[in-house]
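Residue numbers (the numbering used here), protein chains in the order written: chain D, 1 to 113; chain A, 1001 to 1112. Beneath this line is the structure, given in structure tokens, with notes to follow.
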């Protein structure tokens, strides 16, 4: 059973461009979570999604950030008009049920130049 | 979310046991104690969790105080591969609290 997959692993964007981060959960998992880890800081929750629904987006910045988890295909975290402060590692996790342990992917390291 | 307190760092020698403490004096009756770890340049990894009784799995043991205000993660024989940041997290077993709230954790260094 393949683990949580994230791509790309590394992404470089210039200020003002868009970044799209993809997450494929483990097989059979319909709950997806996104976390951000800024340099030298801890992980912060961003958003929790189930198929076609956003359940908790309390950690998402109000502007420029959006997330989706369509019926088919991976979950997408989209950052519009990136700024240098968006440079971070973005981790996706999945679980089979909401209160089960979460399985994390290897992360996408976003660098904004 | 109830708060946990962990030492910033700890050191151990290879093949010796490691006891990683966590204080959670404001824990509520519905809070489970979860442990995750993050190896360098990797995503976090689930280690173990428990409610009241001590728990064992292939990775570690979790010892929970009788009043539940503290717990200890035990690695029975540390290896170099166990060098990581270890996070103690309280999590409710009910809807609406699915997110994990990470603190600063304990950075474990394992000496050869």
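Even for Gly, the Cβ is constructed at its ideal location relative to N, Cα and C. Note that this is a predicted model, so its numbers are computed, not measured.
CA-to-CA, the gap between residue 103 (chain D) and residue 29 (chain D) works out to about 10 Å. The C-beta of residue 101 (chain D) comes closer than 8 Å to at least one C-beta of chain A.
Closer than 8 Å to the CB of residue 1003 (chain A) there is not a single CB belonging to chain D.
Setting aside the 5 residues that flank it on each side, residue 68 (chain D) is surrounded in the same chain by 76, each with a C-beta closer than 6 Å to its C-beta; the list follows chain order. Per DSSP, residue 1006 (chain A) lies in no beta strand (DSSP E) segment and is marked neither H nor E. Residues of the same chain with a CB within less than 6 Å of the CB of residue 52 (chain D), apart from the 5 flanking positions on each side, are 71 in chain order. Under DSSP, the beta-bridge partners assigned to residue 94 (chain D) are D:32, D:103. Not flagged as an interface residue toward chain A: residue 77 (chain D), since no C-beta distance is shorter than 8 Å.
Taking a C-beta distance under 8 Å as the contact criterion, residue 81 (chain D) and residue 64 (chain D) qualify as a contact pair. Of all residues in the stretch 1012 to 1043 of chain A, only 1032, 1034, 1036, 1038, 1041, 1042, 1043 come within less than 9 Å of chain D when Cβ atoms are compared, listed by chain position. Shown in chain order are the members of the stretch 88 to 100 of chain D whose Cβ falls below 7 Å from a Cβ of chain A: 91, 98, 99. One Cα belongs to residue 44 (chain D), the other to residue 35 (chain D), and the distance between them is close to 5 Å. Taking 8 Å as the cut-off, the beta carbon of residue 18 (chain D) is found no closer than this to the beta carbon of residue 109 (chain D). The alpha-carbon of residue 84 (chain D) is positioned some 29 Å away from that of residue 1106 (chain A).
Close CB contacts of residue 1021 (chain A) within its chain, under the 6 Å cut and outside five residues either way in sequence, are with 1072 (chain order). Taking 8 Å as the CB threshold, residue 69 (chain D) stays off the interface with chain A. Nearest to residue 1004 (chain A) by C-alpha distance, out of A:1048, A:1031, A:1058, is A:1031.
About 5 Å separates the beta carbons of residue 1110 (chain A) and residue 1078 (chain A), which is inside the 8 Å limit, making them a contact pair. In this structure, residue 86 (chain D) sits near residue 112 (chain D), with a CB-CB distance shorter than 8 Å.
A direct Cα-Cα distance of roughly 36 Å separates residue 23 (chain D) from residue 1069 (chain A). As DSSP reads the structure, residue 65 (chain D) sits in a beta bridge with D:79.
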